[in-house]
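*Asks:*
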Amino acid sequence: MLDAPLEFTAWLIVFARVGAMAMVLPGFSEDALPGRVRLLLGIGLSIGVAGMVHARAVATARGDAGLIAVLLAELLTGLALGLIVRLLYQAINLFGGIASMQVGLGSTLVVDPAQGGQVPLLGRIAALAALITCFAAQLHHLWIGALLHSYVTFPIGGTPPPADLARLAVSCAGATMRIALSLSAPLLLYGIAFNVALGLAGRMAPMLQLFFITQPLNLLLGLALFATTSGVVITGFTAAMGGALRGSGLI
Numbered sequence: 004m005l006d007a008p009l010e011f012t013a014w015l016i017v018f019a020r021v022g023a024m025a026m027v028l029p030g031f032s033e034d035a036l037p038g039r040v041r042l043l044l045g046i047g048l049s050i051g052v053a054g055m056v057h058a059r060a061v062a063t064a065r066g067d068a069g070l071i072a073v074l075l076a077e078l079l080t081g082l083a084l085g086l087i088v089r090l091l092y093q094a095i096n097l098f099g100g101i102a103s104m105q106v107g108l109g110s111t112l113v114v115d116p117a118q119g120g121q122v123p124l125l126g127r128i129a130a131l132a133a134l135i136t137c138f139a140a141q142l143h144h145l146w147i148g149a150l151l152h153s154y155v156t157f158p159i160g161g162t163p164p165p166a167d168l169a170r171l172a173v174s175c176a177g178a179t180m181r182i183a184l185s186l187s188a189p190l191l192l193y194g195i196a197f198n199v200a201l202g203l204a205g206r207m208a209p210m211l212q213l214f215f216i217t218q219p220l221n222l223l224l225g226l227a228l229f230a231t232t233s234g235v236v237i238t239g240f241t242a243a244m245g246g247a248l249r250g251s252g253l254i
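What follows is the structure, encoded as structure tokens:
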């Protein structure tokens, strides 16, 4: 006979990890997404995951471990997993910031609900395009796959070893920087070349205010390069993030 309180407790244990991870995942945690929609997404995903880990969740709910301690452990595990995925996703935001600085739009800020503040204009454009591409390329399936695999790596009721989490965070931070610099390489080279040329021109004509004269040209060339390379950058980011997730051992 179905034990309703036991089943609900088991589902609540699953929801703690799933909901905590979904709370910080890119796209799922957007402030622009209504709270009820996010709650329904978390509940629906928890119902699906609960069917796969039902036996372990029920065994934990029936065990002697305190429910509060188990829920706290699951919350910490879910938050850690979600923050690691979000750390990798920050590569596109770093790219946007670098691109804006090279083009001359570093001080042109717009509100980004995902970051909870203001970000450079090109960074917001790149982040929106990357988010759409991630869902179109089904990269969110890898995020869910990492969640499912976590029940093998970190069993229900146990907290992840801090040393392993620290190593994983450092590895993902390094991968984030590598991805961001790789994506920004064309604009970085352009910025170096343009500023070197501007410096040489300034030595030849020191009386001219070349910075103000060449700013429109810098903006035009930089935006043209950004538009030309944006398709390759966004698809490259999607592939690089997927590779980093697979290489991290989360999947």
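If you read the sequence shown in this note's numbering, its first letter stands for residue 4, the second for the next number, and so on. Think of the CB as a built atom: it goes at the ideal place given N, C-alpha and C, for glycine as much as any other residue.
1. Have a look at the DSSP bridge pairing and note the partners of L112.
2. Rounded to a whole number of angstroms, what is the C-alpha to C-alpha distance between G234 and S174?
3. If we count the other Cβ atoms within 10 Å of its Cβ and call it buried at 16 or more, is S103 buried or exposed?
4. For my contact list, G107 and L223 are in at a C-beta cut-off of 8 Å; report their separation, rounded to the angstrom.
5. May I ask you to verify whether the segment 109-129 touches the segment 208-215, counting CB pairs closer than 8 Å and requiring at least 3?
6. Just list the alpha helix (DSSP H) runs in the segment 151-186, keeping only unbroken ones of 4 residues or longer that don't cross its boundaries, in chain order.
7. Taking 8 Å as the cut-off, decide whether the C-beta atoms of A60 and I159 are in contact.
8. Under the criterion of a Cβ to heavy atom distance below 7 Å, does F138 qualify as lining the ligand GDP?
9. Does the distance from the C-beta atom of F138 to that of I182 stay below 8 Å?
10. Where does P29 land, buried or exposed, given buried means 16+ other C-beta within 10 angstroms?
11. Mind checking which residues open and close the alpha helix (DSSP H) that includes F214?
12. Since I believe I254 is in contact with A172 (beta carbons under 8 Å), could you give me their beta-carbon distance rounded to a whole number of angstroms?
13. Just the C-alpha distance for R20 and L42, rounded to the nearest angstrom, thanks.
14. Checking 8 Å against the spacing of the C-beta atoms, do A140 and L78 come in under that value?
15. Between G225 and Q105, is the Cβ-Cβ spacing less than 8 Å?
16. Round the Cβ separation of T217 and L201 to the nearest angstrom and send it over; I've been treating them as touching at under 8 Å.
17. Please go through the same chain and pick out, in chain order, the residues whose beta-carbon is closer than 8 Å to the beta-carbon of H57, but skip the five residues on each side of it.
18. Taking the CB atoms as reference points, tell me whether V73 and T63 lie closer together than 8 Å.
*Replies:* From the atom records:
1. The residue you call residue 112 lines up with position 109 of the sequence shown. According to DSSP, residue pairing for L112 in a beta bridge involves P123.
2. One-based indexing of the sequence shown puts residue 234 at position 231. One-based indexing of the sequence shown puts residue 174 at position 171. Within the model, the alpha-carbon separation for G234 versus S174 is close to 27 Å.
3. As a position in the sequence shown, residue 103 is number 100, starting the count at 1. That one is buried.
4. Residue 107 sits at position 104 when you count from the first residue of the sequence shown. Residue 223 sits at position 220 when you count from the first residue of the sequence shown. Cβ atoms of G107 and L223 stay farther apart than 8 Å, at about 10 Å.
5. Per the Cβ contact rule, the segment 109-129 is not in contact with the segment 208-215 (fewer than 3 Cβ pairs under 8 Å).
6. Listed in chain order, there is nothing to give.
7. Position 57 of the sequence shown, counting from 1, holds the residue named residue 60. Position 156 of the sequence shown, counting from 1, holds the residue named residue 159. Judged by beta-carbon spacing, I159 lies within the 8 Å limit of A60, meaning their Cβ atoms are closer than that value.
8. Absence of the ligand GDP is noted for the structure shown, with no ligands found whatsoever.
9. For the purposes of this step, residue 138 is taken as residue 135 along the sequence shown, with counting starting at 1. For the purposes of this step, residue 182 is taken as residue 179 along the sequence shown, with counting starting at 1. The criterion of a C-beta distance shorter than 8 Å is not satisfied by F138 and I182.
10. As a first step, residue 29 is located in the sequence shown; it is residue number 26 there, counting from the start. The C-beta of P29 has 16 or more other C-beta atoms within 10 Å across all chains shown, which makes the residue buried.
11. Residue 214 sits at position 211 when you count from the first residue of the sequence shown. L213 to G250 is the extent of the alpha helix (DSSP H) around F214.
12. Numbered from its first residue, the sequence shown carries residue 172 at position 169. Numbered from its first residue, the sequence shown carries residue 254 at position 251. The beta carbons of A172 and I254 sit about 17 Å from each other, so the pair does not count as a contact at 8 Å.
13. Position 17 of the sequence shown, counted from the first residue, corresponds to residue 20. Position 39 of the sequence shown, counted from the first residue, corresponds to residue 42. One C-alpha to the other measures close to 13 Å.
14. To locate residue 140, count along the sequence shown from 1; it is residue 137. To locate residue 78, count along the sequence shown from 1; it is residue 75. No, Cβ-Cβ distance for A140 and L78 is not below 8 Å.
15. What you label residue 225 is simply residue 222 of the sequence shown in a count that begins at 1. What you label residue 105 is simply residue 102 of the sequence shown in a count that begins at 1. A distance below 8 Å separates the beta carbons of G225 and Q105.
16. Counting from 1 along the sequence shown, the entry for residue 217 is found at position 214. Counting from 1 along the sequence shown, the entry for residue 201 is found at position 198. About 6 Å separates the beta carbons of T217 and L201, which is inside the 8 Å limit, making them a contact pair.
17. Working through the sequence shown from its first residue, we reach residue 57 at position 54. In the same chain as H57, and ignoring 5 residues on each side of it, the C-beta atoms closer than 8 Å to its own belong to A13, in chain order.
18. Along the sequence shown, one-based indexing puts residue 73 at 70. Along the sequence shown, one-based indexing puts residue 63 at 60. The Cβ-Cβ distance between V73 and T63 falls below 8 Å.
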